[in-house]
Ligand SMILES: Cc1cc2nc3c(=O)[nH]c(=O)nc-3n(C[C@H](O)[C@H](O)[C@H](O)COP(=O)(O)OP(=O)(O)OC[C@H]3O[C@@H](n4cnc5c(N)ncnc54)[C@H](O)[C@@H]3O)c2cc1C
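In my numbering, the protein residues as written are 8 to 390.
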């Protein structure tokens, strides 16, 4: 390498790319990914939704701090809108009303939605199935590719270097420097950021410590045509529908470029891999969707799966590992890694470089201790 690297970031998904871009403002950063393209794994397979009401209180706090970035990105970041407003509506059957009430009490930004209003927004909802709803009117569809490319552009503009097709195969820390070996390269930097998504625990083991217990969970999505009957007279305009989510997150659906994206909201634990959809999960998606709506699905146009990776307490993992020198975790993004990326990247930059956060991001510092990896260790020791 010609330039001396201060920080090497492993993983060019949304987590690694956004953090690398922020870190590159004041340090020399190298961003590595094993795939030919950044965003090949979880980031490229998301449902691309921003919902400030989704997730636990910490997730919601960091998502809220990220909203401004998506609505008003920095000058030159993008030429397209990063977010397109779309409500999120949580629906409940009669037997789920207690959960809906609990959600309403916990999340003040949600407003009750009558079944009449819900059906006015989504006419295919089955009135014998859905009895009540809650609405989040701050949601929106994210343009994930524009966000990822925007961060990578900013990263390069700040002097960062991206290397793809470089799988980290070994890691050693010696005399204040991490040395990473890939098939073709040996890379050295004083600080390592582990943003390897589903592989974050694998990277920890390469570094010589035990796993934190991050669990990749497979999630599936399918695209179906809203006009299953092939009768053009029955064309349904779905463009203004909200994201509709079962209050127990057993399924969700939303418009996606003229089609309906349906997910069975599966969470199947698995090893890190290039996740592929399972026929059974596709069938479950269709079954749950058909029960909640008046549409019968004859064909699935496309299906895919990706891994959402969770820490045991389902909070993000952001901070230095107390067992290692200068080994920083940015992992466990679960199902919120895109919507929370700007806040997590700012927190990472602040903890590593001491960068001062602007007012909009300063709330993320409140979560610093709760997100530190220390919470997942029985006893910490420095090697
Ligand atoms: C179906 C589905 C729907 C989702 N919907 C949403 C949503 O609506 N909103 C939302 O905010 N989030 C959503 N998510 C979650 C979101 O996609 C993830 O939280 C986020 O993409 C995680 O980003 P990441 O950068 O941590 O992981 P990844 O994108 O997986 O990036 C990790 C990178 O590390 C690289 N890597 C791993 N090991 C090595 C190694 N040894 N050497 C070099 N590189 C390595 C990988 O190649 C990969 O590119 C969804 C996820 C799925 C699967």
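Glycine included, C-beta positions come from ideal geometry on N, C-alpha and C.
When distances are taken from the beta-carbon of residue 56 to the heavy atoms of ligand 1, the shortest one is below 7 Å. Here residue 41 is buried: its Cβ has 16 or more other Cβ atoms, across all protein chains shown, within 10 Å. Judged by DSSP secondary structure, residue 227 falls within the beta strand (DSSP E) whose first and last residues are 222-231. Below 8 Å, enough C-beta pairs join the segment 136-153 and the segment 56-71 to call them touching: three or more.
DSSP, reduced to helix, strand and coil, places residue 181 within a strand of the structure shown. Counted as a single uninterrupted DSSP element, the stretch harbouring residue 253 is not any alpha helix (DSSP H) but the beta strand (DSSP E) occupying residues 250-253.
Apart from the 5 residues on each side of it in sequence, residue 242 sits with its Cβ closer than 6 Å to the Cβ of 234 in its chain, given in chain order. Residue 100: not part of any alpha helix (DSSP H); DSSP gives it neither H nor E. Residue 304 and residue 123 have their C-alpha atoms spaced approximately 24 Å apart. Within the same chain, no residue comes within 6 Å of residue 191 by CB-CB distance, once the 5 residues on both sides are set aside.
Nearest to residue 229 by C-alpha distance, out of 218, 260, 132, is 260. Of the residues assessed, residue 326 falls on the buried side of the cut-off, its CB having 16 or more other CB atoms within 10 angstroms. A residue is called buried once 16 or more other Cβ atoms fall within 10 Å of its Cβ, and residue 273 is buried on that count.
Distances from the CB of residue 343 to the heavy atoms of ligand 1 include at least one below 7 Å. Burial is judged here by how many other beta carbons sit within 10 angstroms of a residue's own beta carbon; residue 319 has fewer than 16 and is exposed. Excluding the 5 residues flanking it on each side, residue 268 has same chain C-beta neighbours closer than 7 Å at 54, 228, 230, 260, 261, in chain order. Residue 49 is positioned such that its CB atom lies no closer than 8 Å to that of residue 99. Residue range 21-30 is occupied by the alpha helix (DSSP H) that includes residue 25. In the DSSP assignment, residue 259 is bridged to 252, 270.
Taking the CA atoms as reference points, residue 14 sits about 14 Å from residue 361. In the three-state reduction of the DSSP assignment, residue 360 falls in the helix class. DSSP links residue 37 through a beta bridge to 15, 168.
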